[in-house]
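What follows is a set of notes on a single structure, which appears directly below.
There are 2 protein chains.
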Amino acid sequence: MSMVALTPRSERLLKALIEQYIVEGQPVGSRSLVKQASLEFSPATVRNIMADLEEMGLIRSPHTSAGRVPTELGYRLFVNTLLTSQPLEAVDIRDLEEQLPSHQDPQHLIEAASGLLSQVTKLAGVVRVPRRAHSGFLQLEFLNLSAHRVLVILVTQGGQVLNRVIQPKRRYSSAELQEAANMFNSAYAGRSFEEVRRSLVRALEQDSEAMQKLMRSAVEMAHEVFGESAEGDPLVVSGEANLLAFPELSDREKLKRLFDAFNAKQDLLSLLDQSMAVGGIQIFIGGESGYESLEPCSVVTAPYEVDGKIVGTLGVVGPTRMSYNRVISIVDVTARLLSGALTHHAGHGTNDA
Amino acid sequence: MSMVALTPRSERLLKALIEQYIVEGQPVGSRSLVKQASLEFSPATVRNIMADLEEMGLIRSPHTSAGRVPTELGYRLFVNTLLTSQPLEAVDIRDLEEQLPSHQDPQHLIEAASGLLSQVTKLAGVVRVPRRAHSGFLQLEFLNLSAHRVLVILVTQGGQVLNRVIQPKRRYSSAELQEAANMFNSAYAGRSFEEVRRSLVRALEQDSEAMQKLMRSAVEMAHEVFGESAEGDPLVVSGEANLLAFPELSDREKLKRLFDAFNAKQDLLSLLDQSMAVGGIQIFIGGESGYESLEPCSVVTAPYEVDGKIVGTLGVVGPTRMSYNRVISIVDVTARLLSGALTHHAGHGTNDA
DNA sequence: CTTAGCACTCCACCTTTAGGAGTGCCAGAC
DNA sequence: GTCTGGCACTCCTAAAGGTGGAGTGCTAAG
Numbered sequence: 001m002s003m004v005a006l007t008p009r010s011e012r013l014l015k016a017l018i019e020q021y022i023v024e025g026q027p028v029g030s031r032s033l034v035k036q037a038s039l040e041f042s043p044a045t046v047r048n049i050m051a052d053l054e055e056m057g058l059i060r061s062p063h064t065s066a067g068r069v070p071t072e073l074g075y076r077l078f079v080n081t082l083l084t085s086q087p088l089e090a091v092d093i094r095d096l097e098e099q100l101p102s103h104q105d106p107q108h109l110i111e112a113a114s115g116l117l118s119q120v121t122k123l124a125g126v127v128r129v130p131r132r133a134h135s136g137f138l139q140l141e142f143l144n145l146s147a148h149r150v151l152v153i154l155v156t157q158g159g160q161v162l163n164r165v166i167q168p169k170r171r172y173s174s175a176e177l178q179e180a181a182n183m184f185n186s187a188y189a190g191r192s193f194e195e196v197r198r199s200l201v202r203a204l205e206q207d208s209e210a211m212q213k214l215m216r217s218a219v220e221m222a223h224e225v226f227g228e229s230a231e232g233d234p235l236v237v238s239g240e241a242n243l244l245a246f247p248e249l250s251d252r253e254k255l256k257r258l259f260d261a262f263n264a265k266q267d268l269l270s271l272l273d274q275s276m277a278v279g280g281i282q283i284f285i286g287g288e289s290g291y292e293s294l295e296p297c298s299v300v301t302a303p304y305e306v307d308g309k310i311v312g313t314l315g316v317v318g319p320t321r322m323s324y325n326r327v328i329s330i331v332d333v334t335a336r337l338l339s340g341a342l343t344h345h346a347g348h349g350t351n352d353a
Numbered sequence: 354m355s356m357v358a359l360t361p362r363s364e365r366l367l368k369a370l371i372e373q374y375i376v377e378g379q380p381v382g383s384r385s386l387v388k389q390a391s392l393e394f395s396p397a398t399v400r401n402i403m404a405d406l407e408e409m410g411l412i413r414s415p416h417t418s419a420g421r422v423p424t425e426l427g428y429r430l431f432v433n434t435l436l437t438s439q440p441l442e443a444v445d446i447r448d449l450e451e452q453l454p455s456h457q458d459p460q461h462l463i464e465a466a467s468g469l470l471s472q473v474t475k476l477a478g479v480v481r482v483p484r485r486a487h488s489g490f491l492q493l494e495f496l497n498l499s500a501h502r503v504l505v506i507l508v509t510q511g512g513q514v515l516n517r518v519i520q521p522k523r524r525y526s527s528a529e530l531q532e533a534a535n536m537f538n539s540a541y542a543g544r545s546f547e548e549v550r551r552s553l554v555r556a557l558e559q560d561s562e563a564m565q566k567l568m569r570s571a572v573e574m575a576h577e578v579f580g581e582s583a584e585g586d587p588l589v590v591s592g593e594a595n596l597l598a599f600p601e602l603s604d605r606e607k608l609k610r611l612f613d614a615f616n617a618k619q620d621l622l623s624l625l626d627q628s629m630a631v632g633g634i635q636i637f638i639g640g641e642s643g644y645e646s647l648e649p650c651s652v653v654t655a656p657y658e659v660d661g662k663i664v665g666t667l668g669v670v671g672p673t674r675m676s677y678n679r680v681i682s683i684v685d686v687t688a689r690l691l692s693g694a695l696t697h698h699a700g701h702g703t704n705d706a
């Protein structure tokens, strides 16, 4: 593991090796590497260099007499410094653009983005949906369903719609509900969710007699909905089945864990949130993510924005041996497109009622 | 394949054989069957009977000298006439009940039901969500998002909320939108979706000058939303990963197809719709479903109701070798529970505004 | 009609055996 | 020095036997 700097030649060799391995998925030997990358030195020389690279921990042999395979460290070096990020083909970009119609509500857009990611990378796509806390509150609506069941509809400035059925203690007439909603809306429209929430908590604590009964009920109902803010299923995953195609993930045990991770979503959520905080494209190679279930995988993420503010993250999950080159471009472009599509219509909500 | 009626003895034997195969998952031979089911005759006799059963197409040998395995026909006979459907354990029922809280909105209930199915059967659970066409229309709401973007919120009598962003040609003030919604609601509240749709089509065709401009816009907007009725993603699937645990599904090719089917959902949808039309518990064994992707699987479905009307279907997908016994009970109970939970609050919507 | 016995079949598992791909190292060439 | 050809060695893979067990079908006797 002596950390002598790499010579240009060994860099070039490492790059060629990783690229070949990504394509073929099998340990690459000196002879085939020379041929494939049309190097001007002999297999023996390549072997010497490979030995050095192995000593540095960048590649390894699965066993004595197989070719070499990149280690996580090798991949890391590769993506950090060796990657020639050729831009996506124009065709691909057009393809992506076409399939992300900018006139849609956020939910559809997000699902479309996830589907796109998985479709064009042939891997699994994930999108972390915007957290409500960062978005503004636009309007609240109460609606009687039956005797003791009120449907609360909450609209964010982004056009997201949340709804929940609550069971208030007493019965309200539709007129009462209407009035309550009006009062609530005029008090809070346009505020951020955190603001509204804090304000609600304060209002409930005060228990002031001054507050009208009706307003108080409205606040209570609203609080019930806002209280659930953290819930929901703010992660869209698609194309998990694509991962079945990779022989390196065929291990039943690993596969099960991986799919469970997709199902539980918890690890992925943490990972995406973590990478949202950092901003910019992030690449987690193998165990770097820190989650055992994702250990045989790499994850490439990029944040997306609404009105210049980062609100979520999207990404791709695939085997460590993925075409980082291509995937990075795709994730990048998709993030931009989604940002554009979302920003386009997240304009100042007009609530001039 | 001579269709001589089975003797009681061969029935009993078939039953024992299938039950053992379901548990062990391996071809069962005469000797082990005698031991396991403590039969009072000898392996040789069993072999004779087995030969008969094989001739009838109820069982088969994977190869010359393996035990016997049920055929689809065998399973069919088994579930049709041999199944001793012992009721679920009280514990299990309580478990199910607890996890299906009856005070929830439909969407949550449905997701919970799907999760429950997969969780307690350790297979994949699916729920076909109610088709809007069968439900009533309760209320429509228009909301300005930005200059040319209007959020349309549609509430069904069941408490389901649908929303979509549309882009009308001209800009409307919030007051206009409010008025339009009011007019629309008073005209259509409580009608069935099909009625409303037909009426909308008629209204648009007439192109009557008599109709107010505003009302016309409202109708157009509403039509856009109603027109999309068929869309959406009316199928909830959970626990696909559970199927990874079954060795008989380990075939990479089959597995891929199966997961693709879960992803595309089209086959499953058709199957569920088909079984909704029939009503009652339905069991599709292997290829019976008619969908190649589901060929190595069996599907058990039951419809669920709201207010006594069948509105959807739920079910379980697993390997042909599943504990039909148990799965049927679970599907049945879950359907009942879901019906109950949904019916409980699908009362007459009060829209006395 | 049932059963014990027996010959036979076929798979699953293990071992063996090549064959090949690749390495490491050394000694000579540039 | 650095590169290269050569060579012995390692280890995997795939195919080729070999063995044992589980199971069957058949037959002949109870």
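Top line first, the protein sequences correspond to chains A and B. Numbering of the first sequence is given in our numbering, commencing with residue 1 and proceeding in unit increments. Numbering of the second sequence is given in our numbering, commencing with residue 354 and proceeding in unit increments. Glycine residues also receive a C-beta, built at the ideal position from the N, C-alpha and C atoms. All values reported here derive from a predicted model rather than from experimental measurement.
At the C-beta level, B:T673 and B:S651 come within 8 Å of one another. Apart from the 5 residues on each side of it in sequence, B:K618 sits with its Cβ closer than 6 Å to the Cβ of L588 in its chain, given in chain order. In this structure, DSSP gives A:G25 a state outside helix and strand, which the three-state scheme calls coil. Secondary structure of B:I681 (DSSP, three-state): helix. For the stretch 502 to 513 of chain B, the beta-carbon criterion of a distance under 7 Å to any beta-carbon of chain A is satisfied by R502, L504, I506, V508, G512. Closest in C-alpha terms to A:V165, from the list A:R31, A:L53, A:A222, A:V126, comes A:A222. For a Cβ distance threshold of 8 Å, residue set E240, A241, L244 of chain A lies close to B:F612, ordered along the chain. Under the three-pair Cβ rule at 8 Å, the stretch 66 to 74 of chain A counts as touching the stretch 23 to 37 of chain A.
The C-beta of B:Q492 comes closer than 8 Å to at least one C-beta of chain A. Taking a C-beta distance under 8 Å as the contact criterion, B:L476 and B:N595 qualify as a contact pair. Judged by pairs of C-beta atoms under 8 Å, the stretch 534 to 546 of chain B touches the stretch 487 to 498 of chain B, as three or more such pairs exist. Beyond the five residues adjoining it in sequence on each side, A:L162 comes within less than 6 Å, by CB distance, of L154 in the same chain, given in chain order.
Inter-residue distance for A:S42 and A:V34 is about 7 Å (C-alpha atoms, whole angstroms).
Within 10 angstroms of the beta-carbon of A:P106 lie 16 or more other beta-carbons, which makes it buried.
The beta carbon of B:G468 lies closer than 6 Å to those of S591 in the same chain, with the five residues before and after it left out.
Non-local beta-carbon contacts of A:L151 in its own chain, meaning distances under 7 Å to residues more than five positions away in sequence, involve L143, L145, N163, V165 in chain order. For A:K256, the uninterrupted alpha helix (DSSP H) segment begins and ends at 252 to 264. With a beta-carbon spacing of about 4 Å, B:A655 and B:A688 fall inside the 8 Å limit used to define contacts. For A:V152, the secondary structure class from DSSP, reduced to helix, strand or coil, is strand.
Contact annotation, A:A16 with A:A37: C-beta distance approximately 4 Å; criterion of less than 8 Å satisfied. B:G671 and A:Q167 have their C-alpha atoms some 38 Å from each other. Close to A:K256, with beta-carbon spacing below 8 Å, are these residues of chain B in chain order: A594, L597, A598. In its chain, beyond the 5 residues on either side, A147, H148 have a beta carbon closer than 7 Å to the beta carbon of A:R171. The criterion of a C-beta distance shorter than 8 Å is not satisfied by A:R94 and A:L314. With 16 or more other CB atoms across the displayed protein chains lying within 10 angstroms of its CB, A:V79 is buried.
Among the residues facing chain B, A:V46 is not included, as its CB has no counterpart in that chain under 8 Å away.
Chain B has a Cβ within less than 8 Å of the Cβ of A:N163. Closest option to B:V473, judged by alpha-carbon separation, among B:S692, B:G693, B:R679: B:R679. For B:K475, there is no enclosing alpha helix (DSSP H), as DSSP marks it with neither H nor E.
Spatial neighbours of A:A181 in its own chain (CB-CB distance under 6 Å, excluding positions within 5 residues in sequence) are listed in chain order as L140, E141, F142.
Considered as a whole, the stretch 380 to 429 of chain B harbours no complete run of any beta strand (DSSP E) with no fewer than 3 residues. Within the stretch 153 to 212 of chain A, the runs of beta strand (DSSP E) that reach at least 3 residues and sit entirely inside it are, in chain order, 161 to 166.
Taking a contact as a CB-CB distance under 8 Å, the pair B:Y677 and B:L367 does not count as one, their CB atoms being some 14 Å apart. The three-state secondary structure of B:E364, taken from DSSP, is helix. Scanning its chain for C-beta atoms nearer than 7 Å, with the 5 sequence neighbours on each side dropped, one finds around B:R610 the residues S646, in chain order. Just measuring C-alpha positions, the residue of A:R197, A:A218, A:Y188, A:V201 sitting nearest A:S174 is A:A218.
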